[in-house]
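Heads up, the thing below is written out as structure tokens.
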Amino acid sequence: MGKAKIGDVIEWEEKKTNVTRMGIVRKVLSNSVIVDINGTYDATVVSHKRYKIKSEA
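In UniProt numbering, the protein residues as written are 1 to 57.
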């Protein structure tokens, strides 16, 4: 699986709550991505190991 690019929609599972979230990649870092969470005005950091790309930009 490749790394996400800016604008890609990704899906991941939060460790604490086991809730599946989706969001749009805002910035790509060396070990993670910064994601705008769908439905909120929040952003979070997700490791490259924890997400699946749902659709590419």
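All C-beta atoms in this analysis are idealised placements derived from N, C-alpha and C, irrespective of residue type, glycine included.
Here the structure is a predicted model, which is why all the values come from computation and not from measurement.
Who are the Cβ neighbours of residue i in its own chain at under 7 angstroms, not counting the five residues just before and after it?
i   : result
S32 : V45, V46, S47, H48
What span of residues does the beta strand (DSSP E) with residue i cover, start to end?
i   : result
G23 : 20-28
T44 : 43-47
Under the assumption that residue i contacts residue j (Cβ atoms under 8 angstroms), give the Cβ distance between them as a whole number of angstroms.
i   : j   : result
T20 : E11 : 6 angstroms
With DSSP run on the structure shown, which of helix, strand or coil describes residue i?
i   : result
E11 : strand
I6  : coil
K54 : strand
Given residue i, which residues of its chain have a CB within under 6 angstroms of its CB, disregarding the five upstream and five downstream residues?
i   : result
D36 : G23, I24, R26, A43
K3  : H48
E13 : T20
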